[in-house]
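First up is the structure itself, then whatever we jot down about it.
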Amino acid sequence: SRILLQVHDELVLEVVNEEIPKVTEILKEAMEHAAELSVPLVIDVNVGKNWAEAK
């Protein structure tokens, strides 16, 4: 699995199907705790064969 592209506040990753749950867990933990703010940082994870399908 690897990061392919970052566009503004979106990351596009290429992930092996079996790794989707683990990569999702890693991303949520890393991104939601990247900074301590007065409002929570929340991320959405979507899956698809291409960027348009994942939206």
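Here the sequence shown stands for residues 1227 to 1281, where the numbers follow the working numbering. All residues carry an ideal CB built from backbone N, CA and C; glycine is no exception. Quick caveat, the model's predicted, so the values are computed rather than measured.
Contacts around residue i, its chain only, beta-carbon distance under 6 Å, and the 5 residues preceding and following it disregarded
i	result
residue 1241	1227, 1249
residue 1271	1250
Residue i versus residue j: straight-line alpha-carbon distance, rounded
i	j	result
residue 1236	residue 1244	22 Å
residue 1278	residue 1262	31 Å
residue 1274	residue 1232	16 Å
residue 1234	residue 1264	22 Å
Neighbourhood of residue i by C-beta distance below 8 Å, restricted to the same chain and skipping five residues each side
i	result
residue 1259	1267
residue 1254	1269, 1271
Boundaries (first-last residue) of the alpha helix (DSSP H) holding residue i
i	result
residue 1253	1246 to 1258
Distance CB(residue i)-CB(residue j) smaller than 8 Å
i	j	result
residue 1257	residue 1269	yes
residue 1252	residue 1239	no
Start and end residues, beta strand (DSSP E) containing residue i
i	result
residue 1236	1236 to 1240
7 Å CB neighbourhood of residue i in its chain, flanking five on each side removed
i	result
residue 1280	1272, 1273, 1274
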